[in-house]
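Residue numbers (the numbering used here): 76 to 254.
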Ligand SMILES: Cc1cc2nc3c(=O)[nH]c(=O)nc-3n(C[C@H](O)[C@H](O)[C@H](O)COP(=O)(O)O)c2cc1C
C-alpha cells in the first residue's frame with residue numbers, strides 16, 4: 076500500500092492515544108438513544124421479589140432464543156436474583172411509569188406499591204406489562220462497571236393491546252404509531 080494511503084487509513088483506524096471521554100458527555104450522548112423500559116425480576120432465595128428497572132435490554136439470537144440485559148455490578152437486586160439462576164423480563168406499558176420509578180430505587184420496599192405475580196419459573200412478572208420473557212441465566216460477561224447477562228429464553232407471553240413506556244433524554248414519554 077502506498078505510504079500516503081496507509082497514513083491516511085491509520086488516521087482513522089489507529090488509536091495511538093487514550094480517548095478522554097467524560098462521564099457527562101457519555102451520559103448526554105447515550106440519552107439520545109430512545110428505548111423502551113423493562114423490569115428484570117425474580118423471587119429471591121427467601122421467596123421475596125427482587126428486581127430492577129432496566130433500559131439495557133435487547134433481543135440477541137433467534138436460534139437458540141437468547142436475550143441480553145446489562146446490569147450494574149453494584150445492583151443489590153441483581154445480587155439476589157443471580158443466585159436463583161433465573162430472571163423474568165417485563166416490558167413496561169405506557170401507564171407503568173410509577174412502576175419504573177419505584178423499581179429504579181435502591182430500597183427494601185421497592186415492590187410494595189407494584190402489582191406483580193410469581194411465574195412457574197420462579198421469576199417475577201409485572202402485572203399489565205406488554206410482554207414477559209422468562210430466562211435461565213446463561214453466560215455472564217464482565218464489561219466495565221456492568222455485567223452483560225445473556226438469558227436463555229424459557230417462556231414468552233404477550234398482550235395484544237397496549238403501547239410502550241419510552242425513555243429519551245432522561246424523560247418518560249409515549250409514542251404514536253401509525254397503522
Ligand atoms: C430509566 C432507567 C433505566 C435504567 N436502566 C438500567 C439498566 O439498564 N441497567 C441497570 O443495571 N440499571 C438500570 N437502571 C438503574 C437501576 O434500576 C437501579 O440502579 C437499581 O434499581 C438500583 O437498585 P438495586 O440496588 O436494588 O438494584 C435504570 C434506572 C432508570 C431510572
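Ideal Cβ positions, reconstructed from N, Cα and C, are used throughout, including at glycine. Predicted model only: the values in this text are computed from it and were never measured.
Terminal residues of the continuous alpha helix (DSSP H) containing residue 176? As a position in the chain shown, residue 176 is number 101, starting the count at 1. Element bounds for residue 176: 172 to 177.
Pairwise C-alpha distance: residue 190 and residue 183: By one-based count along the chain shown, residue 183 stands at place 108. By one-based count along the chain shown, residue 190 stands at place 115. The straight-line gap from Cα to Cα measures roughly 16 Å.
Helix, strand or coil, according to DSSP, for residue 156 in the structure here? Your numbering for residue 156 matches position 81 in the chain shown. Correct three-state label for residue 156: helix.
Three-state class that DSSP yields for residue 188 in the structure shown: In the chain shown, residue 188 corresponds to position 113, counting from 1. Reduced to three states, the DSSP call for residue 188 is coil.
Buried versus exposed call for residue 133 [16 or more other C-beta atoms within 10 Å across all chains shown]: Looking up residue 133 in the chain shown gives position 58. With fewer than 16 other Cβ atoms within 10 Å, it is exposed.
Could you name the residues that DSSP lists as bridge partners for residue 148? The residue you call residue 148 lines up with position 73 of the chain shown. Paired residue(s): none; residue 148 is not in a bridge.
Strictly by DSSP, which residues pair up with residue 239? Here the question's residue 239 lines up with position 164 in the chain shown. Paired residues: 168.
For residue 101, report the span of its alpha helix (DSSP H) as first-last. If you number the chain shown from 1, residue 101 lands on position 26. 98 to 105 is the extent of the alpha helix (DSSP H) around residue 101.
If contacts are defined as beta-carbon pairs under 8 Å, then residue 111 and residue 239 qualify, I think. What distance do you get, rounded to the angstrom? Here residue 111 refers to the residue found at position 36 of the chain shown. Here residue 239 refers to the residue found at position 164 of the chain shown. Going by Cβ atoms, the distance from residue 111 to residue 239 rounds to 5 Å, so yes, they are a contact pair.
Between 179, 223, 114, which has its C-alpha nearest residue 199's C-alpha? For the purposes of this step, residue 199 is taken as residue 124 along the chain shown, with counting starting at 1. Answer by Cα proximity: 114.
Could you check where the beta strand (DSSP E) with residue 124 kicks off and where it finishes? Counting from 1 along the chain shown, the entry for residue 124 is found at position 49. Looking at the DSSP string, the run of the beta strand (DSSP E) that includes residue 124 is 124 to 129.
Can you name the residues that DSSP bridges to residue 203? Residue 203 sits at position 128 when you count from the first residue of the chain shown. Answer by DSSP bridge pairing: none, since residue 203 is not bridged.
Please find out if some non-hydrogen atom of ligand 1 comes closer than 7 Å to the beta-carbon of residue 181. Indexing the chain shown from 1 puts residue 181 at position 106. Yes, since a heavy atom of ligand 1 falls inside the 7 Å radius drawn around the Cβ of residue 181.
On the three-pair Cβ rule with 8 Å, is the stretch 210 to 217 touching the stretch 118 to 134? no
Please state the DSSP three-state secondary structure of residue 108. The residue labelled residue 108 in the question sits at position 33 within the chain shown. The answer is coil: DSSP assigns residue 108 none of H, G, I, E or B.
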